[in-house]
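Notes follow once the structure below has been shown.
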Amino acid sequence: MARVGVFVCFCGANIADYVDVPQVVEEAKRIREVKFAIDYKYMCSDPGQQQIRDAIAQHRLTSIVVAACSPRMHEKTFRKALSDAGMNPYLLEVANIREHSSWVHQKDKKAATEKASDLVRMAVAKSIANEQLHEISVPVTKRALVIGGGIAGIQAALDIADARIPVVLVEKSPSIGGKMAQLDETFPTLDCAQCILTPKMVDVASHPYIELIPYSEVLELQGFVGNYKVKIKKKASYVNFKTCTGCGACWQKCPVKVDNEYNMGIDKRKAIYTPFPQAVPNKPVIDAEHCTMLTKGKCGICAKVCEKGSIDYQMQDEIIEREIGAVVVATGYDMWDPKPYEEYGVGRFKDIITSLEFERMVSANGPTNGLPLRPSDGKVPKNVVFIKCVGSRDEAKGISYCSKICCMYTTKHTILLHHKVHDSHAYVFYMDIRAAGKGYEEFVEKAQVDTGTTYLRGRVSKIYKKGDKLMVRGEDAQIGQVVEVEADLVVLATAVSAPKDNPDLARLLGISYDKYGYLSEAHPKLRPVETAKAGIFLAGCTQAPKDIPETVSQASACAAKVCGLFAGDTMKKDPMISTVNTEYCSGCQNCVKVCPYGAIVTDEVPFGHGSKELRTVAKINEGVCQGCGSCVAICRSTAINLAGFTDPQIINEIVSI
Amino acid sequence: MKKLTYFPGCSAHGTSEEFDKTVKMVMTSLDVQMEEIPDWNCCGATSAHTMSESLAYALPLRNLVLAEKLDNSTMAIPCASCYQRLKVTKVHMDDNPELCKEINSTVVEDGIYQGKVDVKSMLQYCFEDVGLDAIKAKVTKSLAGMKLACYYGCLLTRPKAITNFDSPEYPMSMDKIVEALGAKATEFDYKTECCGASFSISNTEVVINLTGQILEMAKESGADAIVVACPLCQSNLDMRQPDIEKHLGKKIDLPIFYFTQLMALAFGMPEKDLMFSKHIVPVEGALANIGKIVPEPEKVKKTRKAVEAESEAE
Amino acid sequence: MITLGIQGKNTFLSDVNKRSGANVLECYQCGKCVGTCPVSGYMDFPPREIMQMVKLGLKNETMMANSTWFCLTCSACSGRCPREIEIPSVMEAIRHMAIEENYINGSTKVKEIRKFHEIFLDMIKRYGRNYELRMMAEFNIRTRNLFKDMHLAPKALLKGKIPLGVKPMKSAKAIQRMYKLAEKLEKKHTGKEA
Chain A
108 MARVGVFVCF CGANIADYVD VPQVVEEAKR IREVKFAIDY KYMCSDPGQQ QIRDAIAQHR
168 LTSIVVAACS PRMHEKTFRK ALSDAGMNPY LLEVANIREH SSWVHQKDKK AATEKASDLV
228 RMAVAKSIAN EQLHEISVPV TKRALVIGGG IAGIQAALDI ADARIPVVLV EKSPSIGGKM
288 AQLDETFPTL DCAQCILTPK MVDVASHPYI ELIPYSEVLE LQGFVGNYKV KIKKKASYVN
348 FKTCTGCGAC WQKCPVKVDN EYNMGIDKRK AIYTPFPQAV PNKPVIDAEH CTMLTKGKCG
408 ICAKVCEKGS IDYQMQDEII EREIGAVVVA TGYDMWDPKP YEEYGVGRFK DIITSLEFER
468 MVSANGPTNG LPLRPSDGKV PKNVVFIKCV GSRDEAKGIS YCSKICCMYT TKHTILLHHK
528 VHDSHAYVFY MDIRAAGKGY EEFVEKAQVD TGTTYLRGRV SKIYKKGDKL MVRGEDAQIG
588 QVVEVEADLV VLATAVSAPK DNPDLARLLG ISYDKYGYLS EAHPKLRPVE TAKAGIFLAG
648 CTQAPKDIPE TVSQASACAA KVCGLFAGDT MKKDPMISTV NTEYCSGCQN CVKVCPYGAI
708 VTDEVPFGHG SKELRTVAKI NEGVCQGCGS CVAICRSTAI NLAGFTDPQI INEIVSI
Chain Y
2 MKKLTYFPGC SAHGTSEEFD KTVKMVMTSL DVQMEEIPDW NCCGATSAHT MSESLAYALP
62 LRNLVLAEKL DNSTMAIPCA SCYQRLKVTK VHMDDNPELC KEINSTVVED GIYQGKVDVK
122 SMLQYCFEDV GLDAIKAKVT KSLAGMKLAC YYGCLLTRPK AITNFDSPEY PMSMDKIVEA
182 LGAKATEFDY KTECCGASFS ISNTEVVINL TGQILEMAKE SGADAIVVAC PLCQSNLDMR
242 QPDIEKHLGK KIDLPIFYFT QLMALAFGMP EKDLMFSKHI VPVEGALANI GKIVPEPEKV
302 KKTRKAVEAE SEAE
Chain C
91 MITLGIQGKN TFLSDVNKRS GANVLECYQC GKCVGTCPVS GYMDFPPREI MQMVKLGLKN
151 ETMMANSTWF CLTCSACSGR CPREIEIPSV MEAIRHMAIE ENYINGSTKV KEIRKFHEIF
211 LDMIKRYGRN YELRMMAEFN IRTRNLFKDM HLAPKALLKG KIPLGVKPMK SAKAIQRMYK
271 LAEKLEKKHT GKEA
């Protein structure tokens with residue numbers, strides 16, 4: 108005879124405000140098999156768990172039902188409580204009366220209470236048929252894949268590699284460095300971005316535990332945590348990196364000029380190019396879209412001038428495979444295109460630039476020798492207007508969220524402008540100054556005092572041209588007046604947006620993303636760098652806008668997670684997986700088709716005892732199976748069974764209500 | 002032969018007779034047969050919606066109902082204000098059957114609204130339904146030499162959700178039409194600023210101020226005339242111009258044309274039929290520029306050719 | 091000083107929201123509307139401040155403001171509002187409420203604007219269409235400013251800019267009936283039906 112214990116949680120007010128918890132306990136007590144039922148304010152706390160442990164011993168319980176929050180939140184916690192009390196942890200059932208009842212039926216306490224009681228009744232019925240299960244051990248491939256070679260990917264790769272775990276770093280462009288390599292100085296300390304970043308880039312290239320694969324992208328990921336297989340496309344660079352010395356003769360002689368992405372199109376690069384002088388690897392690639400040799404079969408100059416014979420116009424894309432155990436996604440962000448701001452004349456007025464364009468101009472290695480210049484006439488500007496929140500906090504034209512970094516980089520830009528053009532004056536149109544970070548508010552204060560920048564509180568309404576000036580009109584809400592600033596140059600602090608390829612990447616990796624295209628973390632507070640898929644982690648702006656210190660912290664956190672995952676030689680895995688009863692299996696292989704993890708293969712077994720004739724049956728790779736149950740549902744001969752969700756368990760649940 | 006329902010609006014018989022007349026001339030020439038809504042009434046203009054929500058819908062709705070008695074799928078309206086009132090009413094009636102039923106009860110004797118007829122401004126009709134190619138094909142006397150600031154005002158393209166036509170900030174349809182006529186459209190940043198509209202009589206000070214800014218910016222853009230598609234814009238910019246000049250303390254001297262007057266002119270229709278005599282600001286100076294094209298200096302030509310060649314090579 | 095004491099539900103806010111179909115609570119006071127509005131300089135309180143006043147429940151101050159009478163409904167503000175608030179609808183809702191509840195702004199300008207609209211609607215009631223010359227003349231008579239714009243008259247009349255004659259509408263009766271029924275509807279909505 109089963110002896111079930113029921114523990115109903117208040118979850119503070121989360122459940123108790125909308126569900127009559129004592130009533131749920133009373134209902135539970137009416138079930139024949141329930142020998143003990145109790146409620147408590149926080150069942151997940153230590154005293155709460157202690158009640159479970161005590162009751163198991165005192166009431167000789169054979170299974171436990173905890174009615175609380177989602178099992179995704181605390182199933183592990185309660186399983187451990189059972190283990191500690193000497194009970195098989197899989198004799199636990201969680202009735203989710205928070206997400207499934209109290210939170211969604213806040214307006215009807217009576218119905219919510221009835222639903223909670225039903226959920227408890229089902230869990231009790233199921234638990235009666237629960238069996239003792241045991242964790243499975245699977246081997247682990249101790250190699251990590253890092254996608255993206257910006258500061259997030261670089262930091263994650265270095266931290267993992269420093270723990271002597273091999274890392275494969277995949278970067279889509281010809282050099283690592285990402286957006287940070289385009290920055291001049293960084294807030295709030297004004298360190299030169301190059302000075303703090305390039306040594307790390309060099310470390311990546313020379314690290315014995317890092318395999319850097321630039322100019323490439325991830326095509327496919329198969330397998331499961333600890334045992335993934337990744338396919339990577341190495342784009343043809345048309346340059347043999349093994350023999351190329353990076354002398355630069357090729358790009359110096361190349362006659363084809365293309366907008367230089369690194370400098371935001373302010374100057375030109377060649378069709379064969381290294382993105383910037385400090386690039387890692389410092390080897391050129393040919394831009395196949397613009398090279399006339401590749402498009403029209405005319406030219407070939409680079410091959411003629413290359414002393415090492417490293418140019419290979421016949422080179423093809425190459426697909427390579429690696430076995431890995433964990434993935435860190437660090438694909439960064441895109442700058443939002445301000446085109447929808449027609450009222451600012453974006454696209455019509457040359458002297459409106461984006462913040463990243465300004466950053467390139469004031470950069471020591473930038474296209475204008477570190478001076479901000481008006482694109483229209485090349486003159487040094489005197490009055491510069493900075494407009495914040497362009498695209499950010501704008502549901503109508505852009506994105507609803509705050510991009511988090513613009514307040515700070517705009518402050519930095521006012522300082523850089525002041526440094527570079529002494530007789531200039533900066534105006535900043537802002538809605539709020541968000542400077543929550545170590546040393547940030549102090550940085551803003553100092554910048555305001557030192558540069559004498561005029562801060563105007565309002566969103567700019569319109570920009571129009573008068574002579575060679577841009578007239579910037581907006582309200583300064585501080586004085587309640589509309590003001591017009593005569594500007595030589597306008598800099599738009601454009602929003603941070605999710606990389607446009609993120610949704611495709613997310614589908615490929617089997618992880619989720621939000622409505623903006625940012626990749627979703629497993630829990631916004633307690634699991635910020637994990638995804639819902641085991642073994643895949645997130646670092647940097649691919650998850651949400653963030654600044655460099657936060658990005659680096661997250662990257663290191665990912666590294667810690669990867670190291671933790673790889674700490675043993677094997678990995679424990681839940682035993683909730685499918686098994687095939689070969690007696691019943693007809694070998695139709697429908698399960699093979701529906702399995703999303705490729706966990707089912709076929710096997711040959713004798714037709715009968717002692718028979719020499721063989722027939723085909725399904726076989727489950729228990730390391731790969733994730734227990735999703737698709738095979739169980741498709742199997743027409745009920746030959747597949749999913750541990751923890753057996754037919755008797757499910758039938759019990761249904762019958763109970 | 003295209004057929005079109007026509008709502009002239011009150012000003013067609015008043016201040017904007019020349020708009021009404023040239024619309025008719027141009028449409029005939031473009032092979033569009035217009036049928037006027039029989040016994041139409043005033044749209045209510047700004048006053049109706051200022052004072053009463055029900056009247057603001059009822060007045061235009063009667064016209065929409067009457068328009069459905071003609072067998073055309075589209076109605077075009079020269080006046081921007083009439084257009085806006087009818088279009089707003091159409092959109093709200095289509096979206097909200099309850100409200101529609103209620104408002105319809107005030108004009109039920111004229112019929113039941115069914116939402117069959119699309120409402121467009123005359124500018125929109127010319128741009129979308131007639132098309133630039135058909136307009137270009139009719140040009141016999143190019144307006145080359147004229148530099149024109151196209152002024153749209155507020156109601157032709159705003160609000161976007163109602164008009165669903167061109168850009169609310171920097172529309173280009175009229176610019177493209179005058180360029181199809183051979184003229185040059187200037188870069189004019191005030192093309193959608195409000196002229197003060199109905200304040201013309203009740204709050205003239207505001208109108209003088211707003212139209213003053215518009216005229217100054219048009220002048221700044223290098224235009225020798227302004228083109229409009231709205232009677233109220235026209236009269237505020239034209240009739241008030243002498244007052245504005247006094248207010249600004251400088252000469253503006255920009256004639257204000259309806260775009261259909263210029264279409265008719267470019268289509269080779271006799272100038273005397275275009276009612277230029279009604280304009281307060283004389284048009285002769287601007288019209289004299291037709292055909293007067295300043296030749297490109299040799300140096301500029303060379304640079305331009307070189308740039309063009311380079312961009313083509315890319 | 092305004093004292094914000096313990097208050098019940100802000101019914102003014104919910105009335106404005108309901109009437110306008112907008113949600114004033116969306117406003118985050120960026121002021122883009124103020125810099126956009128062609129007449130904000132003439133208003134007692136520009137649109138941004140009106141939004142805040144509605145949020146604070148300052149009914150009397152909001153209803154008495156000239157702002158809603160100066161709004162030209164040009165829709166430039168709502169086209170640029172980052173929170174997509176239909177500001178002209180809010181202005182119109184407040185103005186309609188002020189008319190119904192007899193909040194009268196006594197300034198000359200508002201009186202004149204209001205007078206203009208009343209005359210205009212009267213004229214349409216009578217004739218079904220608007221006759222500009224009569225409109226101007228009547229406005230001048232009723233605002234006791236006989237010579238306003240008289241300097242324009244000779245030129246305008248001479249050039250035929252403002253014609254003297256008019257084409258009458260046939261079924262002006264239909265319009266009068268419409269007015270009567272519309273007035274009834276209005277009363278039904280405001281709950282003032284006798």
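Note that the protein sequences, when read in sequence, are chains A, Y and C. Residue numbers for the first sequence follow this note's numbering, beginning at 108 and rising by one. Residue numbers for the second sequence follow this note's numbering, beginning at 2 and rising by one. Residue numbers for the third sequence follow this note's numbering, beginning at 91 and rising by one. Using N, Cα and C, we set each Cβ at its ideal position, and we do this for glycine too.
Whole angstroms is fine: what's the gap from residue i's alpha carbon to residue j's?
| i | j | result |
| --- | --- | --- |
| Tyr259(Y) | Ala471(A) | 54 Å |
| Pro128(C) | Ser507(A) | 27 Å |
| Glu54(Y) | Ile265(C) | 16 Å |
| Tyr58(Y) | His93(Y) | 9 Å |
| Ala262(C) | Glu449(A) | 45 Å |
| Asp225(A) | Ala174(A) | 11 Å |
| Gly477(A) | Asp225(Y) | 43 Å |
| Gly146(Y) | Ala184(Y) | 6 Å |
| Lys302(Y) | Gly292(Y) | 20 Å |
| Ala69(A) | Thr461(A) | Examination of residue 69(A) is not possible in this model, given that chain A is present from 108 through 764 alone. |
| Cys670(A) | Val247(A) | 12 Å |
| Pro635(A) | Ala641(A) | 13 Å |
| Ile140(C) | Glu19(Y) | 41 Å |
For residue i, does the count of other Cβ atoms within 10 angstroms reach 16, so buried, or fall short, so exposed?
| i | result |
| --- | --- |
| Asp575(A) | exposed |
| Ser17(Y) | buried |
| Cys302(A) | exposed |
| Cys609(A) | Note that residue 609(A) is Asn in the sequence shown, not Cys. Looking at its Cβ environment, which holds 16 or more other Cβ atoms inside 10 Å, Asn609(A) is buried. |
| Glu176(C) | buried |
| Met285(C) | Given that chain C is displayed from residue 91 to residue 284, the structure contains no residue 285(C) and the question cannot be resolved. |
| Arg204(C) | buried |
| His520(A) | buried |
| Asn294(C) | It is not possible to answer for residue 294(C), since the shown part of chain C is limited to 91 through 284. |
Within the 8 Å Cβ cut-off, does residue i reach chain Y?
| i | result |
| --- | --- |
| Ala166(C) | yes |
| Gly169(C) | yes |
| Gly505(A) | no |
| Glu368(A) | no |
| Lys572(A) | yes |
| Glu449(A) | yes |
| Thr280(C) | no |
Does residue i get closer than 8 Å to chain E when you measure Cβ to Cβ?
| i | result |
| --- | --- |
| Ser604(A) | In the displayed structure, chain E is absent; the protein chains listed are A, Y and C. |
If we cut at 8 Å on Cβ distances, does residue i have a partner in chain C?
| i | result |
| --- | --- |
| Leu61(Y) | Note that residue 61(Y) is Pro in the sequence shown here, rather than Leu. It does not: the Cβ of Pro61(Y) has no partner Cβ on chain C nearer than 8 Å. |
| Lys64(Y) | Here residue 64(Y) turns out to be Asn, not Lys, going by the sequence shown. No, its Cβ sits nowhere closer than 8 Å to a Cβ of chain C. |
| Asn1(Y) | Outside the modelled stretch of chain Y, which goes from 2 to 315, sits residue 1(Y), for which no answer is possible. |
Have a look at the DSSP bridge pairing and note the partners of residue i.
| i | result |
| --- | --- |
| Tyr380(A) | Val392(A) |
| Val275(A) | Leu252(A), Glu318(A) |
Please tell me whether residue i has its Cβ less than 8 Å away from any Cβ of chain A.
| i | result |
| --- | --- |
| Asp167(Y) | no |
| Lys122(C) | yes |
Can you give, in chain order, each stretch of the beta strand (DSSP E) that sits fully within the stretch 145-193 of chain A and has at least 3 residues?
170-175
Going residue by residue through the stretch 177-261 of chain Y, where are the continuous beta strand (DSSP E) segments of at least 3 residues, counting only ones entirely within it?
226-229, 257-259
Report the start-end ranges of each beta strand (DSSP E) in the stretch 594-620 of chain A that is 3 residues or longer and not cut off at the edges. 596-601
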